[in-house]
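Take any residue in the sequence shown, note its place counting from 1, add 744, and you have its number in my numbering.
In this text, a Cβ means the ideal position worked out from N, Cα and C, and glycines have one as well.
Just so you know, these numbers come straight off a predicted model, no measurement behind them.
Notes follow the structure.
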Amino acid sequence: MTAGATEAEGAEIPAVAASAASVECREACLVVLEADRQAVSAADLRADSVALAADLQADSAADLREDSAADLREDLSVSAVGHQVEVTVTVAVDSRP
């Protein structure tokens with residue numbers, strides 16, 4: 745072997761090591777990015793689930809109030825048939841600023 749060949753081989757070793765380190769670094773970055781993506785997806789999913797549950801509860805409560813009001817109106821109208829109904833309404837006013 746000549747001195748030039750030995751020098752060339754010596755230069756290849758750091759280049760191969762640098763390339764291997766670059767590949768390892770890239771793989772580690774991909775693992776971190778994937779973990780981050782999954783964490784963000786899980787957080788988004790939780791937030792969406794909480795928002796959906798809140799919407800569902802609000803809709804259910806609104807539907808229940810509407811149904812209760814409709815049932816009450818129906819019951820009152822059935823009770824009022826053939827009867828004179830007197831209704832007294834009391835309104836409280838809060839005078840505090």
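| Asked | Found |
| --- | --- |
| The ligand COA heavy atom lying under 7 Å from the CB of ALA762 | For the ligand COA, the structure offers nothing, since it holds no ligand at all. |
| Alpha-carbon spacing of ASP799 relative to LEU774, whole angstroms | 37 Å |
| Straight-line Cα distance separating SER785 from ASP838 | 48 Å |
| ALA813 versus LEU789: straight-line alpha-carbon distance, rounded | 36 Å |
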